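Residue numbers (the working numbering), protein chains in the order written: chain U, 79 to 373; chain A, 229 to 559.
Glycine included, each C-beta is placed from N, C-alpha and C at the ideal position.
On a predicted model such as this, the values are computed, not experimentally measured, just so you know.
To start, the structure itself, in structure tokens.
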């Protein structure tokens, strides 16, 4: 058995794989936060709750109506995205002119409410969701065993991340979004329906979170509180990367997942804290974040 | 336009008005203090102490949020650090008198506050909230994994001990008046800070930070000091709370607690002196009464709903709305 720094290669690569997967989730979530932040200038504290909602909807649709994974992969983000559009239209819009702190607090209240209601109905013990048969089993790469589902998560997360990046940086819709980030009023003057764009942006960002939730359903334990924990970690990731660039959010997310995986291999007790420690170091030496533009 | 104003007369009138307002405020405060002194004869002292501890926590938070405009999402860290430190010391050092244990807890929370402040001050606005939340989570992990906190079980049986080695604090009345005295002292301190020149600079930072910078103020130093004072008072609240309940638990360190203190401040009226006290009283009562009734499982979602309502329709809070009302109808 080959060893690296006193750790069997299979263990190391296994942890690295888990790290990359966690990183894919961090990337998807921080990407959604960055998209929302760009146009609405708010941090969506309900993002974790939307991720949770995506996973819960997947499980509930399967239990109640037998909706399979592939349908859920489209349905859950659509449903949650629609919830997001409603939240933006009926709640966030009403305080759009106020200090951004209020919209942040509003989304926090929404998160508390959603998490609380679902906890009452479904409890905090995890709900089971079996993965589609197609993904059962895995492939032996010689130095490690790669479960098919994990490979799929990494692959599809990268595709979605890249697709979002492409849409924002290279398409006309993306150009509108970026222009809105610069000067929403001017764009309104050019005849673009900015309020609609804002609603859709919030819905899209939230749908990304729900998509991550669907991917998470077969491998993580699905509970109403699954969102709050990962959200705080994602906040640290966002502080590390800075929200200046879409690409930066993706790279930082995956990088932090890997760092977490490595820590789990070499010094397990620090694994839950390591991302926050990285954040402290980044704040000390590069306060704007690795990819940040603001001073 | 040949009309001229007698400026001294106007000035005089304003001063008179201020004096009258000051007298009214003094009268109101005196009545409130008398009520607080009499309260334990009518209501259960431990419940009152819970309210006072959370009121102090909210007053501390409000100094930073309401007056300086910095939204910390990590104040639970100071509450818990104060509580655990005091609890640990009082449990393990039997010779330590209670006030020293509380001072030590406050001291450690103050140092932690300094560390938080120096790091989080490097980012602004929304990032500030995220950084404080993440730092508080780090502190939470530390408490979860440390042996001395008792992990998920919490730290039980903290002795209340004697104040100055003489007054027996296991008597609820003695304990209550001690907590009340500390609370009133801190309240007066915050009142003094807010009305001092230093407090005026804090308010100006909240209203227009670039302007404060352009006037030559070293804004970051003002912010750090405000953060440290706020953390110290929050730590003091946590220290007293652990003595009152003889318990320090992970609940105090959880992000949920950081959210709760925001809600207290917001409901009562951010940026007002009395607001956080009213808000803490309200939230503690809501939680208590809900937990006694048929809705006991619905405390969290109801708090979330209150959060949403307050932000949408009631941003000045109880005290703020009352002030507006009086200004409109009596001013």
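With distances taken from CA atoms, which of the options is nearest residue i?
i	options	result
residue 489/A	281/A, 261/A, 253/A, 244/A	281/A
residue 296/U	119/U, 92/U, 231/U	231/U
residue 198/U	477/A, 406/A, 487/A, 530/A	530/A
residue 277/A	432/A, 408/A, 285/A, 517/A	408/A
residue 209/U	89/U, 228/U, 346/U, 264/U	228/U
residue 372/A	260/A, 525/A, 240/A, 481/A	481/A
residue 357/A	282/U, 317/U, 329/U, 144/U	317/U
residue 298/A	473/A, 352/A, 495/A	352/A
residue 124/U	158/U, 102/U, 93/U, 141/U	158/U
residue 215/U	206/U, 207/U, 225/U	225/U
residue 448/A	296/A, 290/A, 249/A, 246/A	296/A
residue 506/A	292/A, 476/A, 517/A, 491/A	491/A
residue 405/A	391/A, 552/A, 417/A, 443/A	391/A
residue 554/A	520/A, 252/A, 279/A, 518/A	252/A
residue 334/U	100/U, 292/U, 243/U	100/U
residue 310/A	424/A, 465/A, 519/A, 503/A	465/A
Using 10 angstroms around the beta-carbon of residue i, count the other beta-carbons present and answer buried if the total reaches 16, otherwise exposed.
i	result
residue 435/A	exposed
residue 468/A	buried
residue 148/U	exposed
residue 349/U	buried
residue 438/A	exposed
residue 193/U	buried
residue 166/U	buried
residue 321/U	buried
residue 345/A	buried
residue 462/A	buried
residue 365/U	buried
residue 98/U	buried
residue 523/A	exposed
Got a sec: is the Cβ-Cβ distance from residue i to anything in chain A below 7 Å?
i	result
residue 364/U	no
residue 373/U	With a pLDDT of only 40 at residue 373/U, under the threshold of 50, the placement of this residue in the model should not be trusted, and no figure is reported.
residue 172/U	yes
residue 350/U	yes
residue 314/U	yes
residue 134/U	no
residue 194/U	yes
residue 130/U	no
residue 187/U	yes
residue 293/U	no
Taking Cβ-Cβ distances shorter than 9 Å, what residues in chain D pair up with residue i?
i	result
residue 178/U	Any reference to chain D falls outside this structure, whose protein chains are U and A.
For residue i, which of helix, strand or coil comes out of DSSP?
i	result
residue 311/A	helix
residue 113/U	helix
residue 637/A	Limits of chain A in this structure are 229 at one end and 559 at the other, which puts residue 637/A out of reach.
residue 517/A	helix
residue 297/A	coil
residue 216/U	strand
residue 386/A	coil
residue 480/A	helix
residue 118/U	helix
residue 302/U	coil
residue 205/U	strand
residue 270/U	coil
residue 141/U	helix
residue 412/A	helix
residue 396/A	strand
residue 270/A	coil
residue 223/U	strand
residue 86/U	strand
Does any residue of chain U have a CB that is nearer than 7 Å to the CB of residue i?
i	result
residue 525/A	yes
residue 433/A	no
residue 349/A	no
residue 478/A	no
residue 249/A	no
residue 368/A	no
residue 529/A	yes
residue 428/A	no
residue 547/A	no
residue 419/A	no
Examine the ligand NAP and report whether any of its heavy atoms sits within less than 6 Å of the Cβ of residue i.
i	result
residue 254/A	In the structure on display, the ligand NAP does not appear, and there are no ligands present to speak of.
When the Cβ atoms of the stretch 147 to 162 of chain U are set against those of the stretch 373 to 386 of chain A, are three or more pairs found closer than 8 Å?
Below 8 Å, too few C-beta pairs join the stretch 147 to 162 of chain U and the stretch 373 to 386 of chain A to call them touching: fewer than three.
Evaluate contact between the stretch 268 to 275 of chain A and the stretch 320 to 331 of chain A, counting only Cβ atoms and requiring at least three cross-stretch pairs below 8 Å.
No, because fewer than three Cβ pairs between the stretch 268 to 275 of chain A and the stretch 320 to 331 of chain A fall closer than 8 Å, the two stretches do not touch.
Are the stretch 351 to 367 of chain A and the stretch 292 to 312 of chain A in contact at 8 Å, needing three or more beta carbon pairs?
The stretch 351 to 367 of chain A is in contact with the stretch 292 to 312 of chain A.
Flag this pair as touching only if the stretch 337 to 349 of chain U and the stretch 287 to 304 of chain U have three or more C-beta atom pairs under 8 Å; answer yes or no.
Verdict: no, contact absent.
Counting beta carbon pairs with one atom in the stretch 201 to 219 of chain U and one in the stretch 530 to 543 of chain A, are three or more of them shorter than 8 Å?
No, because fewer than three Cβ pairs between the stretch 530 to 543 of chain A and the stretch 201 to 219 of chain U fall closer than 8 Å, the two stretches do not touch.
Cβ contact check for the stretch 103 to 122 of chain U and the stretch 250 to 262 of chain U: 3 or more pairs under 8 Å
As far as the Cβ criterion goes, the stretch 103 to 122 of chain U touches the stretch 250 to 262 of chain U, which means the pair count is three or higher.
How about the stretch 172 to 182 of chain U and the stretch 282 to 292 of chain U: do they share at least three Cβ pairs that are nearer than 8 Å?
Taking 8 Å as the limit for Cβ pairs, the verdict is that the stretch 282 to 292 of chain U does not touch the stretch 172 to 182 of chain U.
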